[in-house]
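Protein sequence lines, in the order shown, are assigned to chains P and R. Just so you know, the working numbering puts the end of the first sequence at 1286, numbered straight through with nothing missing. Just so you know, the working numbering puts the end of the second sequence at 1286, numbered straight through with nothing missing. Using N, Cα and C, we set each Cβ at its ideal position, and we do this for glycine too. No experiment lies behind these values; they were computed from the predicted model shown. All remarks here apply to the structure that follows.
Number of protein chains: 2
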Amino acid sequence: MRNLMLKICYDGANYHGWQIQQNAVSVQQVFQEALLKVLGEKPDIKGCSRTDSFVHAREYCISLKTGHEIPCERLVGALNHFLPEDMAVLSCCEAAPDFHARYSCTGKEYVYQIWNSQIRNPFLNRRALYYWYELDVERLNEAAACFLGAHDFTSFCTLDARERGNMTRTVTRAEVKREGNLVTFTVAADGFMYNMVRIMVGTLLRVAQGKFEPQDVAGIIEAKSRKAAGPTAPPYGLYLNRVFYEDVKSV
Amino acid sequence: MRNLMLKICYDGANYHGWQIQQNAVSVQQVFQEALLKVLGEKPDIKGCSRTDSFVHAREYCISLKTGHEIPCERLVGALNHFLPEDMAVLSCCEAAPDFHARYSCTGKEYVYQIWNSQIRNPFLNRRALYYWYELDVERLNEAAACFLGAHDFTSFCTLDARERGNMTRTVTRAEVKREGNLVTFTVAADGFMYNMVRIMVGTLLRVAQGKFEPQDVAGIIEAKSRKAAGPTAPPYGLYLNRVFYEDVKSV
């Protein structure tokens, strides 16, 4: 059996996240249907993360095992032919037999986009959070710096049956930038918990509103309580931007 | 009566152009319905251009006469409340009594976006033309330079009952740029005829394919025949980018 690693991207506005579920269209389902058309089989595919409904991915990683002999480059072209236009395969390569899109992942980077203007941007509808009041990027960066390093992020996790065990994650990048009216929050870590980035953004917006001071974020982390943090920001502004691995290739 | 000038922008993917028509939703219709909700009347509104189905506008200008006393700033807010999310009012000001969005216009600038990569971009679905083969920007600029100046653009006009009289337009800017995989063609002129930018792009793509040489464009203009030029490029990549006026304000 070959073990393949595929990188894809998708506009998540029309999908209920990655994972297959009943009564809602997911990215995994659409992807498996395209695979069935190309390979004539429905291999079990592993995604690098669950991703929430309506969240986007500029780079999402999939692994799958197949006995089919189609060359990688042809698989990319054939899948792109059958996938809908809001989804695309970026690349495909042979991976080591033990490679797993989720368990082999050593880190991820997310970007959250905010359109910060008194007038909404029709071209960022369902692609960014539209936020009216002017954001002070310097103040937000002061708060975001508190996320850096290894912390127990219980305060930044929606508790459900899926989250168990170690709640410590190491954040290696957390910064806010402005380009015209577009404000972006970029955060990289060795892993993320359920809704973690969206709760970070909801908390940063509370800082913007003066309801928290930037230095309060350290205390919110220490509280280890979801109630200490701000609300969960809407999914439309969130992009899985990059996924990190070591030694993927088998050859 | 006040004469108002409004600037709006819209994602045209869901609209059959500006002008009201039967059996299809147009930007003008949606805009007039929002005006009716805000002003309690349906003033006759003038648009700066017809714009084709599915074409976008980053800046589109409207003029309308009303006796309503609502301040300009409040009108912007109220219209944005009632308009759908793929449309927005950018600004509103009082204009001189004889100001007319179409007849007072002294020039327009269009941008045509091409996603030039072997892999499509899901985030530019219905926002750009997806073009697989690598485009040589230098070669395209050589061809685009032929558009500059005053010419009879009959070869770049879809003939229909709407186009009559003088076919001469003065092009003041025509250039192709690349930013990563995104190639844009920007063209400004004192006026544009039906499908003119889309036929210019279709002709540039023929140059890219080697079916025309860059210097052939001068001869295509001289031929004054639609058959001499390339095909009409798809509407999705086209944006009305800016609209130019002199002395709009009444105060």
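So, R:Pro1132 versus R:Asn1201, is the Cβ gap smaller than 9 Å?
Taking the first residue of the second sequence as position 1, residue 1132 of chain R is located at position 97. Taking the first residue of the second sequence as position 1, residue 1201 of chain R is located at position 166. Contact: no.
Cβ of R:His1186 less than 9 Å from any chain P Cβ?
In the second sequence, counting from the first residue as 1, residue 1186 of chain R sits at position 151. Output row for R:His1186: interface = no.
Do R:Asn1230 and R:Asp1046 have their C-beta atoms within less than 9 Å of each other?
As a first step, residue 1230 of chain R must be located in the second sequence, where it is residue number 195. As a first step, residue 1046 of chain R must be located in the second sequence, where it is residue number 11. No, the Cβ-Cβ distance between R:Asn1230 and R:Asp1046 is not below 9 Å.
Considering only residues of the same chain and omitting the five flanking positions on each side of P:Gly1184, which have a CB-CB separation below 8 Å?
Within the first sequence, numbered from 1, the residue matching residue 1184 of chain P stands at position 149. Within the same chain, P:Gly1184 has close Cβ partners Thr1205 and Val1206.
Since R:Glu1120 meets chain P, which of its residues come closer than 9 Å, beta carbon to beta carbon?
Position 85 of the second sequence, counted from the first residue, corresponds to residue 1120 of chain R. Going along chain P in sequence order, the residues near R:Glu1120 (Cβ under 9 Å) are Arg1155, Pro1157, Asn1160, Arg1161 and Tyr1165.
Could one say the Cβ of P:Asn1276 lies closer than 9 Å to chain R's Cβ atoms, at least one of them?
Here residue 1276 of chain P refers to the residue found at position 241 when the first sequence is read from its first residue. Not an interface residue.
Report the partner residues of P:Thr1101 according to the DSSP bridge assignment.
The residue you call residue 1101 of chain P lines up with position 66 of the first sequence. The partner list for P:Thr1101 (beta bridge, DSSP) reads P:Arg1037.
R:Asp1121: buried (16+ other C-beta within 10 angstroms of its C-beta) or exposed?
As a first step, residue 1121 of chain R must be located in the second sequence, where it is residue number 86. Buried: at least 16 other Cβ atoms inside 10 Å.
Identify the contact partners of P:Asp1046 in chain R, using a Cβ-Cβ distance below 9 Å as the criterion.
One-based indexing of the first sequence puts residue 1046 of chain P at position 11. Neighbours of P:Asp1046 on chain R, chain order: Pro1157, Phe1158 and Asn1160.
Where does R:Phe1279 sit, in a helix, a strand or coil, going by DSSP?
Reading the second sequence from its first residue, position 244 is the one you call residue 1279 of chain R. It is a strand residue.
Quick check on R:Lys1212: does DSSP put it in helix, strand or coil?
Within the second sequence, numbered from 1, the residue matching residue 1212 of chain R stands at position 177. Three-state DSSP puts R:Lys1212 in a strand.
Of all the options P:Asn1160, P:Ala1209 and P:Tyr1168, which has the alpha carbon lying nearest to the alpha carbon of P:Pro1269?
Locating residue 1269 of chain P in the first sequence gives position 234, where the first residue counts as 1. It is P:Asn1160 whose Cα lies nearest to the Cα of P:Pro1269.
Identify, in the order they occur along the chain, each residue of the same chain with its Cβ nearer than 6 Å to the Cβ of P:His1186, setting aside the five sequence neighbours on each side.
In the first sequence, counting from the first residue as 1, residue 1186 of chain P sits at position 151. Contacts found: Ile1256.
Note down, in chain order, every chain R residue with its Cβ under 8 Å from the Cβ of P:Asn1115.
Sequence index remark: in the first sequence, residue 1115 of chain P carries index 80 (1-based). Ile1154 and Arg1155, listed in chain order.
Using the three-state DSSP reduction, which class does P:Ser1061 fall into: helix, strand or coil?
Locating residue 1061 of chain P in the first sequence gives position 26, where the first residue counts as 1. Three-state result, P:Ser1061: coil.
Output yes if chain P places a C-beta closer than 9 Å to the C-beta of R:Val1146; else output no.
Translated into positions along the second sequence, residue 1146 of chain R becomes position 111. No, its Cβ sits nowhere closer than 9 Å to a Cβ of chain P.
Under 9 Å between C-beta atoms, does P:Phe1279 make it to chain R?
For the purposes of this step, residue 1279 of chain P is taken as the residue at position 244 of the first sequence. Closer than 9 Å: no.
Could you name the residues of the stretch 1055-1088 of chain R whose beta carbon sits closer than 8 Å to any beta carbon of chain P, in the order they occur along the chain?
Within the stretch 1055-1088 of chain R, no residue has a Cβ that lies closer than 8 Å to any Cβ of chain P.
Can you tell me which of the three DSSP states R:Cys1192 falls into?
In the second sequence, counting from the first residue as 1, residue 1192 of chain R sits at position 157. Coil at R:Cys1192, not helix or strand.
What residue range does the beta strand (DSSP E) around R:Cys1128 cover?
Mapped onto the second sequence, residue 1128 of chain R falls at position 93. Run containing R:Cys1128: Met1122 to Glu1129, per the beta strand (DSSP E) assignment.
When you check each C-beta in the stretch 1122-1139 of chain P against every C-beta of chain R, which residues fall closer than 9 Å?
Cβ contacts with chain R: Met1122, Ala1123, Val1124, Leu1125 and Ser1126.
Pull up the distance between the alpha-carbon of R:Ala1130 and that of P:Tyr1168, whole angstroms please.
Your numbering for residue 1130 of chain R matches position 95 in the second sequence. Your numbering for residue 1168 of chain P matches position 133 in the first sequence. Going by the C-alpha atoms only, they are around 29 Å apart.
Identify, in the order they occur along the chain, each residue of the same chain with its Cβ nearer than 6 Å to the Cβ of P:Val1172, setting aside the five sequence neighbours on each side.
For this step, residue 1172 of chain P is matched to residue 137 along the first sequence. So the list reads Val1211 and Arg1213, once near-sequence residues are dropped.
Going by other Cβ atoms of all chains shown within 10 Å of its Cβ, with 16 needed for buried, is R:Ser1139 buried or exposed?
As a first step, residue 1139 of chain R must be located in the second sequence, where it is residue number 104. Under this definition R:Ser1139 is a buried residue.
When you compare the CB of R:Val1090 with every CB in chain P, is at least one pair closer than 9 Å?
As a position in the second sequence, residue 1090 of chain R is number 55, starting the count at 1. So, not an interface residue.
State yes or no: is the beta carbon of P:Val1111 nearer than 9 Å to at least one beta carbon in chain R?
Here the question's residue 1111 of chain P lines up with position 76 in the first sequence. Closer than 9 Å to some Cβ of chain R, the Cβ of P:Val1111 qualifies, so yes.
Closer than 9 Å, CB to CB, is R:Ile1149 near chain P or not?
Along the second sequence, read from residue 1 onward, the residue named residue 1149 of chain R stands at position 114. No, because no Cβ of chain P sits closer than 9 Å to the Cβ of R:Ile1149.
Who are the near neighbours of R:Gly1102 in its chain, counting only those whose CB is closer than 6 Å to its CB and skipping five residues on each side?
For the purposes of this step, residue 1102 of chain R is taken as residue 67 along the second sequence, with counting starting at 1. Once the five neighbours on either side are set aside, the close Cβ partners of R:Gly1102 are Met1036.
Who are the near neighbours of P:Asn1176 in its chain, counting only those whose CB is closer than 7 Å to its CB and skipping five residues on each side?
Residue 1176 of chain P sits at position 141 when you count from the first residue of the first sequence. Taken in chain order, the residues that qualify are Glu1210 and Val1211.
Would you call the stretch 1040-1057 of chain R and the stretch 1092-1111 of chain P in contact, with 3 or more CB pairs under 8 Å?
They do not touch, by the three-pair rule.
Under a Cβ-count criterion, where at least 16 other Cβ atoms within 10 Å of its own Cβ denotes burial, should P:Pro1015 be classed as buried or exposed?
Nothing about residue 1015 of chain P can be reported from this structure: the residues present for chain P run from 1036 to 1286 only.
With 9 Å as the threshold, decide whether the Cβ of P:Arg1093 is near any Cβ in chain R.
If you number the first sequence from 1, residue 1093 of chain P lands on position 58. For P:Arg1093, the answer is yes, since a Cβ of chain R falls inside 9 Å of its Cβ.
So is P:Gln1153 buried or exposed if we call it buried at 16+ other beta carbons inside 10 Å?
One-based indexing of the first sequence puts residue 1153 of chain P at position 118. Looking at its Cβ environment, which holds fewer than 16 other Cβ atoms inside 10 Å, P:Gln1153 is exposed.
Output needed for P:Thr1238: all residues of its chain with C-beta closer than 8 Å, excluding positions within five of it in sequence on either side, in chain order.
Counted from its first residue, the first sequence places residue 1238 of chain P at position 203. Same-chain partners within the cutoff: Ala1178, Phe1191, Phe1247, Val1252, Ile1255, Ala1264 and Gly1265.
Enumerate in chain order the residues of its own chain whose CB-to-CB distance from R:Gly1245 is below 7 Å, with the five nearest sequence positions on each side excluded.
Residue 1245 of chain R sits at position 210 when you count from the first residue of the second sequence. No residues qualify anywhere along the chain.
Can P:Val1146 and P:Phe1220 be called in contact, C-beta distance under 9 Å?
Reading the first sequence from its first residue, position 111 is the one you call residue 1146 of chain P. Reading the first sequence from its first residue, position 185 is the one you call residue 1220 of chain P. Closer than 9 Å, so yes.
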